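Read the structure below first, then the notes.
Number of protein chains: 2
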Amino acid sequence: METHKQLTIGLFGFGVVGEGLYKILQQKPSFNATIKKVCIKNPGKRREAPEDLFTTDRNAILNDPSINVVVEVINESGPAYEIVSTALKNGKSVVSASKKMIAEHLPELLELQQRTGESFLYESAACASIPVIRNLEEYYDNDLLHSIKAIVNGSTNFILTKMFEEKLGFREALHLAQQLGFAESDPSLDVEGYDAANKWTFLLTHAYGIIEKTANLVFSGIQFVQGRDADVAREKHYDIKLVAQAKKLDNGKVAAFVLPQFIKQDDHLAFVKNEYNGVVIESGFADKQFFYGKGAGSFPTASAVLSDLSALRYQYRYEYKKLYHHTPHELTDDFYVRAYLSFDAWKYIPRDRFEWIEEWHADSDRKYLVGVIHFREIKEGSWWKENNTSLVLLPEPILEETQVQQQKRKSLELAELA
Amino acid sequence: METHKQLTIGLFGFGVVGEGLYKILQQKPSFNATIKKVCIKNPGKRREAPEDLFTTDRNAILNDPSINVVVEVINESGPAYEIVSTALKNGKSVVSASKKMIAEHLPELLELQQRTGESFLYESAACASIPVIRNLEEYYDNDLLHSIKAIVNGSTNFILTKMFEEKLGFREALHLAQQLGFAESDPSLDVEGYDAANKWTFLLTHAYGIIEKTANLVFSGIQFVQGRDADVAREKHYDIKLVAQAKKLDNGKVAAFVLPQFIKQDDHLAFVKNEYNGVVIESGFADKQFFYGKGAGSFPTASAVLSDLSALRYQYRYEYKKLYHHTPHELTDDFYVRAYLSFDAWKYIPRDRFEWIEEWHADSDRKYLVGVIHFREIKEGSWWKENNTSLVLLPEPILEETQVQQQKRKSLELAELA
């Protein structure tokens with residue numbers, strides 16, 4: 075029987091997650107993990123915990139040698155990074171839930187882990203209670219990971235579900251999400267896709283060894299999706315979801331983005347409703363794996379933090395196997411997507427840049443088309459975010475060069491026959 | 075950058091799984107894992123691999139010091155145990171897919187792992203491509219695991235799906251399963267629940283630290299389910315699934331069984347159709363996690379073997395944390411279940427042993443009732459498997475003593491009022 079690390083915790087942040095964690099550890103003394111100090115910003119607030127637990131002085135935790143684990147759940151990116159990096163340098167293990175901070179500082183955080191040898195775990199930062207990082211890191215440790223697609227933002231999924239199931243308008247659905255605590259009072263991080271894209275950056279690291287800044291990913295949220303788009307989706311028996319996707323192409327490079335997507339009603343992701351998250355992993359020979367659970371909220375996030383704490387007792391650390399032990403994969407823009415676009419007037423749409431257009435409807439005020447376009451036209455242009463245009467990808471949206479050329483040849487042959 | 079163990083594999087068995095693994099390793103030389111020898115029973119068969127790869131002599135693998143990993147996929151319990159235990163004693167890591175063998179020899183295999191320090195991994199033995207063992211072992215390593223329920227047998231799930239969706243009779247559905255390769259020519263291991271119960275024994279070890287023989291678990295398959303039961307299920311808007319279930323009771327002991335169960339159509343397990351498997355884990359604070367994927371078949375099983383091989387390169391071994399590092403949980407029969415029973419005549423049913431009967435239908439040839447009964451009446455009796463009786467549990471079937479007493483008091487009060 076091996077001995078386990080006793081955890082003496084310094085906690086940064088006592089919001090819903092921090093307080094959730096405190097309550098859980100109170101209820102479950104069997105964890106043998108004690109919170110020694112909690113660092114907070116505003117000492118005036120009433121809190122349901124002994125007063126001498128709290129401090130406003132970071133160093134009371136960071137410089138206390140008896141504290142061997144720092145849990146950081148403060149949700150302000152700048153200070154979070156200072157806390158996490160100092161803690162690692164001071165020889166402490168760190169558990170964090172700050173997705174934005176991790177996305178912004180991934181290269182530095184990787185370097186710090188290499189240099190200090192300390193564990194830095196952040197399962198709660200993506201899909202909260204779904205152990206997606208741990209599974210990508212440990213279980214899909216081979217070159218068989220074909221693709222991964224996921225719903226990683228609960229707020230937008232809640233809004234889309236209400237727009238579809240209860241035919242609420244976007245504003246109304248957003249308001250309901252805010253009332254129920256599934257969206258922030260400033261919802262732009264969620265609604266415009268930043269949150270999903272931030273999570274996607276480090277999931278790409280654990281999936282494929284890719285390190286990329288959020289700003290270099292193609293992403294949008296659901297801010298352009300309109301009631302009319304939902305109507306078209308319904309006609310076609312689709313749902314609309316905000317999907318984070320990555321796929322290994324035939325040349326070994328990886329296509330990745332976060333964009334609204336039509337989803338077939340028998341797709342695994344159609345099962346993911348309201349504030350839930352879901353991840354579909356397609357690996358060679360194993361077909362599709364589907365992971366589903368609560369993606370946000372006080373207790374689901376705290377429970378993921380708890381699992382990280384548990385893992386620390388066994389000296390667990392991410393190996394970043396895809397990055398350090400395999401040849402990391404490269405991100406590429408050299409592929410095509412099948413996309414739906416709705417718009418007010420043709421002049422806003424670069425029709426000539428489409429490889430082909432399969433469908434168009436110009437009979438009402440609101441027009442739309444379905445066509446195939448090179449991904450670079452989306453990556454490098456902003457036309458699809460302007461002039462009240464709305465872009466939604468079709469199911470299985472990614473097409474490779476060979477598929478597009480084949481399709482073109484077939485059309486030509488048909489044209490010649492006619 | 076650490077160095078990894080080079081894997082030199084001795085493979086036992088070249089059936090669908092063994093051959094699948096061989097093909098995958100041929101296609102993906104990047105694994106740095108080589109199959110040095112394959113031990114087979116019948117040398118005469120034509121196989122798509124070089125002849126000098128094969129041997130019929132076990133010791134050509136077991137006594138070869140250059141072979142550091144034994145993969146055992148032979149599916150005959152006795153010889154499998156001899157191979158696995160000798161390999162461990164000879165200082166080799168072992169990967170096995172033999173659920174029956176593992177269920178039968180779990181105590182000895184635990185002792186051997188403790189004694190030799192060698193890794194013994196068997197992710198493919200339960201739910202094939204779903205990493206359920208690894209997640210129970212690593213991620214739910216705390217005393218928060220409330221319950222786990224799962225569909226762990228693809229054959230029976232396929233048959234039930236066809237009975238429901240296409241209204242096939244049991245025989246017809248079984249025949250179709252056999253034609254498609256989802257059921258053995260002797261299907262009794264699957265149909266009568268042995269396979270599911272075998273898997274459940276060692277999943278209980280990884281979930282709760284319980285070690286129990288299959289024969290001591292209460293289980294049945296779907297052999298008693300009749301068309302009439304499916305009709306009743308449909309009337310009540312339920313599906314019927316063969317569900318393996320375990321739940322921690324208020325007193326900390328664990329209720330566990332494998333029995334047919336009515337499933338609400340919005341239950342996660344209702345999503346699991348045909349030959350697929352699914353696992354729902356309910357953990358404190360995290361709500362429900364759902365894992366879904368292919369539970370059987372050549373490539374899904376081989377892919378799980380592959381993930382185990384991958385893990386061996388990092389010296390991974392199961393810690394059996396719930397068994398060795400926590401206080402293991404105890405199995406109990408001291409609880410009640412809400413059950414549906416259909417039968418030909420009242421005389422076969424011990425009516426007086428029910429706590430209460432909520433519903434009964436005696437108007438047709440085939441009669442049925444719904445009631446609450448102590449689990450011991452099921453564990454210790456065989457009346458529910460005799461005389462053409464069929465038992466199906468209701469959704470959320472487990473009731474604890476306090477719930478039953480409360481309910482009884484309420485009924486008494488109502489009776490007094492009337």
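If you read the sequences in order, they're chains U and R. Letter by letter, the first sequence follows residues 75 to 492 in the numbering used here. Letter by letter, the second sequence follows residues 75 to 492 in the numbering used here. The beta carbon of each residue, even a glycine, is placed where N, CA and C say it ideally should be. Since the structure is predicted, the reported quantities are computational estimates derived from the model, not experimental observations.
From the options, residue whose alpha carbon lies closest to that of residue i
i: U/V332; options: U/L277, U/D126 and U/H220; result: U/L277
i: R/S438; options: R/S416, R/F428, R/E451 and R/D426; result: R/S416
i: R/A200; options: R/E266, R/N272, R/E240 and R/L248; result: R/N272
i: U/F449; options: U/T279, U/Y410 and U/D264; result: U/Y410
i: U/Y282; options: U/I337, U/L383 and U/S357; result: U/S357
i: U/Y422; options: U/I452, U/V90, U/E460 and U/K396; result: U/E460
i: U/K482; options: U/E432, U/E470 and U/V466; result: U/E432
i: R/I222; options: R/I207, R/G301 and R/F345; result: R/I207
i: R/R245; options: R/L254, R/E239 and R/I233; result: R/I233
i: U/P374; options: R/L380, R/A370 and R/F359; result: R/F359
i: R/Y388; options: R/N149, R/S167 and R/E93; result: R/S167
i: R/W430; options: R/K484, R/G267 and R/L380; result: R/K484
i: U/L242; options: U/H280, U/T279, U/E192 and U/R302; result: U/R302
i: R/L254; options: R/G371, R/F298 and R/D361; result: R/G371
i: U/F86; options: U/V379, U/L488, U/K453 and U/E475; result: U/V379
i: R/D319; options: R/D313, R/A307 and R/L291; result: Strictly speaking, residue 319 of chain R in this sequence is Gln, with Asp absent from that position. Of the listed residues, the one whose Cα sits closest to R/Q319 is R/L291.
Beta-bridge pairing of residue i - partner residues as DSSP gives them
i: R/A224; result: R/A318 and R/V353
i: R/R412; result: R/V446
i: U/H34; result: Any property of residue 34 of chain U remains undetermined from this structure, which presents chain U solely from 75 to 492.
i: R/S464; result: R/S416
i: U/E146; result: U/F86 and U/S170
i: U/G369; result: Partner(s): none; U/G369 has no beta bridge.
i: U/K338; result: U/Y312
i: R/L195; result: R/V169
i: U/I135; result: Answer is none; U/I135 lacks a bridge partner.
i: R/I141; result: The partner list for R/I141 (beta bridge, DSSP) is empty, contrary to what the question assumes.
i: U/A360; result: Note: U/A360 sits in no beta bridge, so no partner.
i: U/T129; result: U/C113
i: U/F244; result: Answer is none; U/F244 lacks a bridge partner.
i: R/I296; result: Beta-bridge pairing links R/I296 to no other residue.
Contact check, residue i vs residue j, beta carbons under 8 Å
i: R/P205; j: U/N351; result: no
i: R/I225; j: R/V317; result: yes
i: R/N142; j: R/T82; result: yes
i: U/R132; j: U/I109; result: no
i: R/V169; j: R/L127; result: no
i: R/A257; j: R/F293; result: no
i: R/K315; j: R/N231; result: yes
i: U/V144; j: U/G84; result: yes
i: R/M175; j: R/A202; result: no
i: R/R412; j: R/E451; result: no
i: U/S159; j: U/D382; result: no
i: U/E286; j: U/L386; result: no
i: U/P471; j: U/I337; result: no
i: R/K395; j: R/E211; result: yes
i: R/Y442; j: U/F364; result: no
i: R/I284; j: R/P402; result: yes
Contact belief for residue i with residue j at Cβ below 8 Å, rounded distance in angstroms
i: R/D418; j: R/N462; result: 5 Å
i: U/Q252; j: U/S259; result: 7 Å
i: U/Q493; j: U/S464; result: Lying before the first or after the last residue shown, residue 493 of chain U is absent from chain U, which here runs from 75 to 492.
i: R/K322; j: R/L219; result: 7 Å
i: R/Q335; j: R/L467; result: 4 Å
i: R/S172; j: R/S193; result: In fact, because the Cβ distance is near 16 Å, the residues do not count as touching under 8 Å.
i: R/L180; j: R/T275; result: 7 Å
Checklist entry - Mind listing which residues of the segment 436-470 of chain R have their C-beta closer than 9 Å to chain U's C-betas, in chain order? => result none
Next on the checklist: Against chain R, which members of the segment 193-220 of chain U pass a CB distance test of less than 9 Å?
Outcome noted: Against chain R - using a Cβ distance shorter than 9 Å - the residues of the segment 193-220 of chain U are E197, A202, S203, I204, P205, R208, N209, E212, Y213, Y214, D215, N216, D217 and L218.
Next on the checklist: Which residues of the segment 277-305 of chain R have a Cβ closer than 7 Å to any Cβ of chain U? Give them in chain order.
Outcome noted: none
Item to check | Residues in the segment 360-380 of chain U having any Cβ partner in chain R nearer than 8 Å | outcome: Result list: A360, D361, K362, Q363, F364, F365, Y366, G367, K368, F373, P374, A376, S377, A378 and L380.
Item to check | Residues of the segment 96-110 of chain R whose Cβ lies closer than 8 Å to any Cβ of chain U, in chain order | outcome: I98, K102, S104 and F105
Checklist entry - Going along the chain, which residues of the segment 334-347 of chain R sit with their C-beta nearer than 8 Å to a C-beta in chain U? => result H342 and F345
Item to check | Contact set between the segment 154-179 of chain R and chain U, restricted to residues whose Cβ is under 9 Å from the partner | outcome: none
Item to check | Interface residues of the segment 126-143 of chain R facing chain U [CB-CB below 7 Å] | outcome: Here the close residues number zero.
Checklist entry - Can you list, in chain order, the residues of the segment 223-235 of chain R whose Cβ is nearer than 7 Å to any Cβ on chain U? => result Near chain U, meaning a CB-to-CB distance below 7 Å, no residue of the segment 223-235 of chain R qualifies.
Checklist entry - At a Cβ cut of 8 Å, what residues of the segment 249-280 of chain U count as close to chain R, listed as they run along the chain? => result none
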